[in-house]
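Numbering of the sequence shown is given in my numbering, commencing with residue 16 and proceeding in unit increments. Beta carbons: idealized from backbone N, C-alpha and C, even for Gly.
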Amino acid sequence: MKKDIHPADHRPVIFEDSSSGATFLIHSTVETNAKGTWEDGKEYPLFHIEISSASHPFYTGQAKSIDTEGRIEKFRARAAAAKKG
């Protein structure tokens, strides 16, 4: 393994999947001010993610639509405007 290529400021971080509610405790350098309590009772930095292996259709085998940004509605509005104009 090469020396001095990995960041030194990594620490345990809780990642919480907003879609499924699943949580993962993983070492990361992600920056966040939120805090969360893990199963061991200790407090760790908390980072929210939209999709993970717990909610992604490839891993779950279930197809579902996750539209957190209103992308579908924006597309339909553009498509309707294009038909009119």
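Taking only the alpha-carbon atoms, compute the straight-line gap between residue i and residue j and give it to the nearest angstrom.
i          : j          : result
residue 32 : residue 67 : 6 Å
residue 60 : residue 24 : 13 Å
residue 39 : residue 98 : 45 Å
residue 86 : residue 93 : 11 Å
residue 77 : residue 65 : 16 Å
residue 22 : residue 58 : 22 Å
Can you tell which of the options has its C-alpha closest to the C-alpha of residue i?
i          : options        : result
residue 51 : 21, 89, 90, 30 : 30
residue 63 : 21, 95, 41     : 41
residue 55 : 21, 27, 18     : 27
residue 53 : 45, 37, 46     : 37
Between the beta-carbon of residue i and the beta-carbon of residue j, is there less than 9 Å?
i          : j          : result
residue 69 : residue 43 : no
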